[in-house]
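J.:
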Amino acid sequence: MGGVSTLPHDLLSIVYASSAAYPFGDEELAALLELSRKNNARSQLTGMLIYGGGHFLQVIEGPSDVLRERMSVIAADPRHLDVRVLFQETIDQRQFPEWTMAFEPATDLRLEEIPGYRTSFSDIEDEEDPQRSLATLRELMHWFQDRAAQRG
């Protein structure tokens with residue numbers, strides 16, 4: 001990507017959720033995606049975004065220092081409320097290597113069919129068994145990866 005080498009141990013993957021500060025229509029989503037794709041291409045970030053019911057759910061991956069900086073920008077973005085990192089891990093290879101930001105409108109999906117999708121993550125945070133929470137988030141990651149393979 002862009003001719004810059006990234007060592008595998010430098011790659012990080014983050015899944016985060018946030019609430020939209022206001023409902024996003026098609027034009028607002030298109031503008032957000034256009035800007036995100038430009039920024040992500042420049043920063044060597046890739047991933048996938050779902051938006052529905054006033055909530056964002058995103059997998060974003062790339063060089064760890066760049067990704068942590070991007071997450072700070074996202075957390076400070078007034079369009080996002082209650083940004084929560086649900087899962088992060090060091091990865092050996094990208095799950096979405098060709099996608100500066102794939103997008104899946106949740107209106108095209110039945111939300112209850114997305115494993116791990118929730119409009120609130122309080123049940124995960126209050127979960128007494130952290131392994132169960134991790135399993136739920138890994139199931140969601142596999143769903144994202146399957147969607148990537150189908151679009152491939």
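According to full-length UniProt numbering, the sequence shown is numbered sequentially starting from 1.
Backbone N, C-alpha and C define an ideal beta-carbon position, used for all residues, glycine too.
#1: From the DSSP output, in three-state form, read off Phe-121 for me.
#2: Run through DSSP, which three-state label would Glu-28 get?
#3: CA-CA distance, Leu-81 and Leu-49?
#4: Per DSSP, what are the beta-bridge partners of Val-73 in this structure?
#5: Return helix, strand or coil for Arg-84, following the three-state DSSP convention.
#6: Between the Cα of His-55 and those of Asp-10, Gly-25, Phe-87, spot the shortest distance and give me the residue it belongs to.
#7: Can you have a look at Ser-72 and say buried or exposed, based on whether 16 or more other CB atoms are within 10 angstroms of its CB?
#8: Taking its Cβ as the centre, do 16 or more other Cβ atoms sit within 10 Å of Glu-61, making it buried, or is it exposed?
#9: Please state whether DSSP places Glu-98 in a helix, a strand or coil.
#10: Quick one: Cα of Ile-91 to Cα of Arg-37, how far?
#11: Over what stretch of residues does the beta strand (DSSP E) that includes Leu-45 continue unbroken?
T.: According to the structure data:
#1: For Phe-121, the predicted structure reports a pLDDT of 48, less than 50, and the residue's modelled location is therefore unreliable. A value from the coordinates is still provided. In this structure, DSSP gives Phe-121 a state outside helix and strand, which the three-state scheme calls coil.
#2: Judged by DSSP in its simplified three-state form, Glu-28 adopts helix.
#3: Straight through space, the alpha carbons of Leu-49 and Leu-81 are spaced by roughly 16 Å.
#4: Its beta-bridge partners do not exist; DSSP assigns none.
#5: Three-state result, Arg-84: strand.
#6: In this structure, Gly-25 is the residue among Asp-10, Gly-25, Phe-87 with its C-alpha nearest to the C-alpha of His-55.
#7: If you draw a 10 Å sphere on the C-beta of Ser-72, you find fewer than 16 other C-beta atoms in it, and that means exposed.
#8: So Glu-61 ends up on the buried side.
#9: Three-state result, Glu-98: coil.
#10: Here the C-alpha atom of Ile-91 lies approximately 21 Å from the C-alpha atom of Arg-37.
#11: For Leu-45, there is no enclosing beta strand (DSSP E), as DSSP marks it with neither H nor E.
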